[in-house]
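Structure first, commentary second.
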Amino acid sequence: MQQSNTSRRDFLKITTFTGGGLLLGFSWFGAEGEMPTVINTLPLDKSIGFNSYLSIAADGVITIYSPNPELGQNIMTSFPMIVAEELDADWTKVKVEQAALDTKSFDRQLTGGSGAIPHSWKRLRNAGATARAMLIQSAANQWNVPSTECTASNGFVLHAATGKKAGFGELAAKAATLPVPKDVVLKDRKDFKIIGQAVKNVANKSIVTGKPLFGLDFYRDGMLFAMIQRPPAFGTKIKTVDSTAAKAMPGIVEVVVFKNNVAVVGKSTWEVNKARKLLKIEYENDGFAESTSDHNAIFTTVMANGKPEVKRKDGDVEAAFKTAAKIIKAEYQCPFLSHAPMEPMNFFAHVRPDGVELAGPSQTPASARTAVSKLLNIAEDKITLELTRLGGGFGRRLKFDYVVEAAELSSIIKAPVKLIWTREDDVTGGNYRPAVRYHFQAALDSAGNLVGYKCRGVGLNAGNLVREDNFPSGAVDNLLIESIDYKSPITTGAWRAPITNFLGFAEQAFIDEVAQAAGKDPVQFRLELLTKARTTPVGAIKYSIDRMEGVIKMAAEKSAWRTKKPGVFQGFSVYFSHQSYVAQVCEVMMQAGKPVVKKIYAVADCGQVINLSGARQQVMGGITDGLGHAMYSKLTFKNGASEQTNFHNYRLIRMKEIPEIEPYFIDNGIDPTGLGEPALPPTGGAVANAIYKATGKRLRKQPFIDEEVFTGKV
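Its first residue numbered 245, the sequence shown is counted upward by one per residue in the working numbering.
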C-alpha cells in the first residue's frame, strides 16, 4: 500500500464520521489500489494508507467519497453503484460525497477524456468485495459457522442452514478488527443486480430543489464579488483606464488593474456588473488582430504550401495515385466554437498569510492548484481546493485561467473574493474549439477497391489534428496522414471529444463519398475495409475490428438499413474514440423543401454498462451536442473580436430541433471503456450523409445551416 501521513485530527474526523463502523481505504494508484486496508483499527500514531473511503456506519449507511469532479457525466452515481454491487448492499442505504482535492490520496483526480470509470472500475469492485468478505467473516465468527456457508444480500449476511441474519451495520465494528483478506472473489457478471440497471442520479433531488451544489452557489461570509473586464479582441492590450464612474457606484469596494485585466470588486454581483459597464478603457494593438477572412486566407495558403508533419505513411502512396482508375478529392472545414456551458466560469479564492482557500468548479483541480502555487509562490500543501458540482464543462474547465485570476485578485485586495464571468465573458473569452480544415484524397482501382488514401489537416492552435491510427488506417495499402498547426493569437483548448468532434464527421462523410464513387453501399464498403484490415493488415491496427464490426452490423439491423421507408432518407456513420465504438444511422425527411432530422439510431460498444440510465443520457446528450454544433454553431471574428457574444447570435440547438434518439448497447463482457464523448464524433457524418441522400448535396462545411440546402441560396 502507498502510505501517507495523516494527522491525529484527520483520523478522529474519519472515525467519528463512521460512527464506530467499518471504514476501508483503498489506493487509486496502479495495482496497489486493489488491496484495501482497514482504517479504524490502525493506531492513531500510524499513517493511514488510503486514497478514497468505503465506510459502513453502525446504522448500515454506506458512503464512498468520489474524487472525480462531477459535471453531469453521472460519476457520483456510477461509482457507488460499483461498490454497492460487490458489497451486496441495500442501494437505499448508499450515498456518495464529493472529495476535496487531495493529490496525496487520489490519482487522476480530474474529469476529462471519458476515463473515470475505466480507471476506477477494478479498484471500486475490489473495495466492495473486500468489505463483503470481512462482513461475512464477522458474521461467521459470531455464529460459529464456516464463512463459506454464509452469503450477503441487500445489506445483510445470511446463513441459510440456520436461518440467521445480520445487518451490515451491526457487523461492521467487529468486522473492522479482522485481518483484511488478500484475495477476494469478484462477482460473476451474470450475478450483477445493480450494475447494468437504470438507477436515478443520486443528486436529482438536490438539483431540482435548488440545493447549493454548483460553483455559483458557493458562499463564504465576508466575501466580495468581482468581475473582470478583459480585452474585447485577441491581439490587443490596455492603453488607458478611467475607472472614476465605476468607483463612484454604490457597493463598489475597489477597481484593480492587473496584467491585461480590469477587475471591479464590490458587495454584490448586481452592483459589480452595473459598475463594470461604466469603465472607460482604451486599447491598442498587441500583435495581429485576426479576422475570419484572414483565417480563410491562412487555411488556403497553409493547406497548399505549408510544411506538414507526417503522422503515418504506409506503402507507396504516390504510385497508388499515379495508377488509380479514379481519384476522389474533398475538403471539409469547421469554425471555432465556444464551449458555452450553462454555468459560466466562476471561482472563490481567499489568499491569507497562512495559506490559500480555493473553491469552485474545475475539471482539473490539481493543475489549478499548481498554477496558483507558482503564481503566488506558496507551497501547494498550504493551498486547499474544495470541488463543487460543475454546471457543464465540455473541456472548458480543463483550463484554470479563471481560478488563477481569482487567486491573484484575492492576493491583491487582501480579501476573500468570488470571481464571476458573465455569459458574454464566457463566449468572447477564448479557449475555443479550434477551427480546422481537412483535405482528403482517395484512389480507387478499376474494381472499386480503395487502394490509396490521403488526409492533410490544417488547424489554428489545434496541435495534432489527426488521429492517424484510426480507421481506415490499417485497411488501405497506401496511406498518408499529415498535420499542420498554425499559431494564432486566438486561444483554444480541448472541446468535447477533442479533434475527433469534427474529424469524425469529415472522415465519415468522405468515406461515403468514396463508397459512392466505388458504386458500393456505404455500410458494406466499411465492412469490406474492416475485412481487409483483418485478413491483410497494413501497418499497426490500433482499434478493435470485431468491436467496430459489431456496432456497424447492429446499427444496420436496428435501423432497418436499406429497407425502403416512404419519404425517409438514411445516412450512416461509425467512429472509434476514447476506447469505445459508436455507429449511428440518421433518418431525414424533407419538409417545406428542406431536410429535417427526424431520428437517429445509435449503437455503442463501451464495454460493461454501469448505469443504463446514465449511459443512455450520455449517448443521447452526445448526439444532441454533436447535431446542434454541426447544424447551428459558429464563432466568427472581426479585428480579433468575436462577432458572437451571447445566445442571441451564438446559435445552439433548440428543444424542438432535437430528433428522436434510439440508443442501444452491445454487451460484449469486457471492462468499461469511455462513454462521455464517443457518441458525439459520428453524429455529424450520419446527418450529412442522410442529407445528401435527401437532397443530392454534399455538406462539407459546418455549420450546416449556412449551406444552400437550408438557405436556398446558390
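Don't be surprised by glycine CBs; every beta carbon is placed ideally from N, CA and C.
These numbers come from a predicted model, not from an experiment.
Rounded separation between residue i and residue j - CA only
{"i": "Asn893", "j": "Lys434", "result": "51 Å"}
{"i": "Ala373", "j": "Met586", "result": "39 Å"}
{"i": "Ala659", "j": "Ala507", "result": "14 Å"}
{"i": "Lys776", "j": "Ile796", "result": "16 Å"}
{"i": "Glu330", "j": "Ser512", "result": "48 Å"}
{"i": "Asn517", "j": "Leu634", "result": "23 Å"}
{"i": "Tyr787", "j": "Pro716", "result": "10 Å"}
{"i": "Ala420", "j": "Ala799", "result": "50 Å"}
{"i": "Val720", "j": "Asp713", "result": "12 Å"}
{"i": "Gly673", "j": "Val841", "result": "32 Å"}
{"i": "Gln607", "j": "Asp625", "result": "20 Å"}
{"i": "Gly707", "j": "Leu642", "result": "16 Å"}
{"i": "Leu192", "j": "Ile725", "result": "The displayed coordinates of the chain run from 245 to 958. Any statement about residue 192 would go beyond what the structure contains."}
{"i": "Thr628", "j": "Pro311", "result": "14 Å"}
{"i": "Val874", "j": "Gly858", "result": "Residue identity differs from the one stated: residue 874 is Ala in this sequence, not Val. About 24 Å."}
{"i": "Tyr908", "j": "Thr868", "result": "16 Å"}
{"i": "Pro456", "j": "Met899", "result": "26 Å"}
{"i": "Asp558", "j": "Ile571", "result": "18 Å"}
{"i": "Ser358", "j": "Gln685", "result": "31 Å"}
{"i": "Arg369", "j": "Arg791", "result": "25 Å"}
{"i": "Trp387", "j": "Glu393", "result": "11 Å"}
{"i": "Thr567", "j": "Ala759", "result": "19 Å"}
{"i": "Ser727", "j": "Lys555", "result": "7 Å"}
{"i": "Gly794", "j": "Glu314", "result": "31 Å"}
{"i": "Arg860", "j": "Lys521", "result": "44 Å"}
{"i": "Thr955", "j": "Glu498", "result": "50 Å"}
Paired residues, beta bridge with residue i - DSSP
{"i": "Asn722", "result": "Gly696"}
{"i": "Tyr819", "result": "Val826"}
{"i": "Gly466", "result": "None, per the DSSP bridge assignment."}
{"i": "Arg633", "result": "Phe458"}
{"i": "Tyr676", "result": "Thr736"}
{"i": "Thr480", "result": "Asn529"}
{"i": "Ile844", "result": "Cys830, Ile905"}
{"i": "Asn505", "result": "Phe502"}
{"i": "His539", "result": "Answer is none; His539 lacks a bridge partner."}
{"i": "Ile306", "result": "Ile300, Val338"}
{"i": "Asn590", "result": "Ile664"}
{"i": "Ser988", "result": "Outside the modelled stretch of the chain, which goes from 245 to 958, sits residue 988, for which no answer is possible."}
{"i": "Val485", "result": "Ile525"}
Distance between beta carbons of residue j and residue i, contact taken as under 8 Å
{"i": "Ile361", "j": "Lys337", "result": "The Cβ separation is near 23 Å, so there is no contact."}
{"i": "Gln814", "j": "Ser803", "result": "7 Å"}
{"i": "Gly748", "j": "Tyr845", "result": "Not a contact, Cβ separation roughly 17 Å."}
{"i": "Ile482", "j": "Ala519", "result": "About 18 Å; that fails the 8 Å criterion."}
{"i": "Gly550", "j": "Gly316", "result": "Contact doesn't hold; Cβ gap of about 38 Å is too wide."}
{"i": "Val325", "j": "Asn883", "result": "At residue 325 the sequence reads Met, which differs from the Val that was named. Actually they are not in contact, since the Cβ atoms of Met325 and Asn883 sit about 52 Å apart, beyond 8 Å."}
{"i": "Leu688", "j": "Val695", "result": "7 Å"}
{"i": "Ala584", "j": "Leu896", "result": "7 Å"}
Close-in-space but distant-in-sequence residues of the same chain around residue i (CB under 7 Å, 5 per side omitted)
{"i": "Gly466", "result": "Pro660"}
{"i": "His683", "result": "Met547, Glu575, Arg700"}
{"i": "Val443", "result": "Thr321, Met325, Asn855, Ser857"}
{"i": "Pro552", "result": "Arg700, Glu726, Ser727, Ile728"}
{"i": "Glu515", "result": "Met493, Pro494, Gly495, Ile496"}
{"i": "Leu345", "result": "Gln353, Pro609, Ala610, Arg613, Leu629, Leu631"}
{"i": "Phe644", "result": "Ser606, Thr608, Ser611, Ala612, Ala615"}
Sequence-distant residues of the same chain with beta carbon closer than 6 Å to residue i, five excluded per side
{"i": "Arg464", "result": "Pro660"}
{"i": "Gly459", "result": "Asn590, Gly604, Pro605, Thr632"}
{"i": "Arg352", "result": "His363"}
{"i": "Asp334", "result": "Asn398, Gly399"}
{"i": "Asp486", "result": "Lys524"}
{"i": "Ala938", "result": "Phe813, Val832, Met834, Pro839"}
{"i": "Val914", "result": "According to the sequence as given, residue 914 is Ile; it is not Val. These residues qualify, in order along the chain: Gly851."}
{"i": "Thr395", "result": "Leu402"}
Cutoff 8 Å; reference residue i; Cβ partners in own chain excluding five residues on either side
{"i": "Lys941", "result": "Ile935, Glu951, Glu952, Val953"}
{"i": "Ala885", "result": "Pro476, Ala477, Phe478, Ala533, Thr672"}
{"i": "Lys809", "result": "Glu831"}
Would you call the region 584-600 in contact with the region 650-659, where contact means no fewer than 3 C-beta pairs closer than 8 Å? yes
Is there contact between the region 732-739 and the region 674-688, where contact requires at least three CB pairs shorter than 8 Å? yes
Answer yes if the region 889-906 comes into contact with the region 737-751, meaning at least three C-beta pairs across the two stretches below 8 Å, and no otherwise. no
Is the region 753-760 touching the region 927-944 in the sense that three or more CB pairs, one from each, lie closer than 8 Å? yes
With a threshold of 8 Å, are at least 3 pairs of Cβ atoms found where one atom belongs to the region 339-349 and the other to the region 366-380? Short answer: they don't touch.
When you compare the region 426-442 with the region 469-477, are there three or more beta-carbon pairs, one atom per stretch, that lie closer than 8 Å? no
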